[in-house]
Every structure is written in C-alpha cells, then in structure tokens.
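**Q** Below you'll find the structure I mean.
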Amino acid sequence: MRWIFQCFKGIHYVILNGVKQIVNLTEERRFILSLLPASCQRYYL
C-alpha cells in the first residue's frame, strides 16, 4: 500500500492568480485513483 501513496507524492494543489489547480495528476495516477475508495479520491480530485 505504501507504493501507492508514494506514487501520489508529486501531485500538488496550486493557487496562482486566484486559480486553483491540481498539477502532475497523470492518466496513470487517475487510473490508480479510480481503484481507491471515494474517501481517498477526494484528496486528489
């Protein structure tokens, strides 16, 4: 389970000029997130 959370280490929530963005959320990471419960997904989506 540890490697899953290490995979998400590079995802960042950025606010630039008032615009909120999640950066480095790749398709691979989105796929892994889709396998996790909603309680985990809410931190990244």
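All residue numbers for the sequence shown refer to the working numbering, where the first residue is 723 and numbers rise by one. Just so you know, even glycine gets a beta-carbon here, dropped at the ideal spot from N, CA and C.
Kindly indicate which three-state DSSP category L747 falls into: helix, strand or coil?
**A** If DSSP states are grouped into helix, strand and coil, L747 belongs with coil.
**Q** Could you tell me which residues DSSP pairs with I737 in its beta bridges?
**A** Answer is K742, bridged to I737.
**Q** In chain order, what residues of the same chain lie with their CB nearer than 8 Å to the CB of H734, ignoring the 5 residues before and after it?
**A** For H734, where only same-chain residues beyond five positions count, the Cβ hits under 8 Å are I744, V745, N746.
**Q** What three-state label does DSSP hand L755 in the structure shown?
**A** If DSSP states are grouped into helix, strand and coil, L755 belongs with the helices.
**Q** For C762 and L755, I'd like the C-alpha separation in whole angstroms.
**A** Looking at the two C-alpha atoms, the distance is approximately 8 Å.
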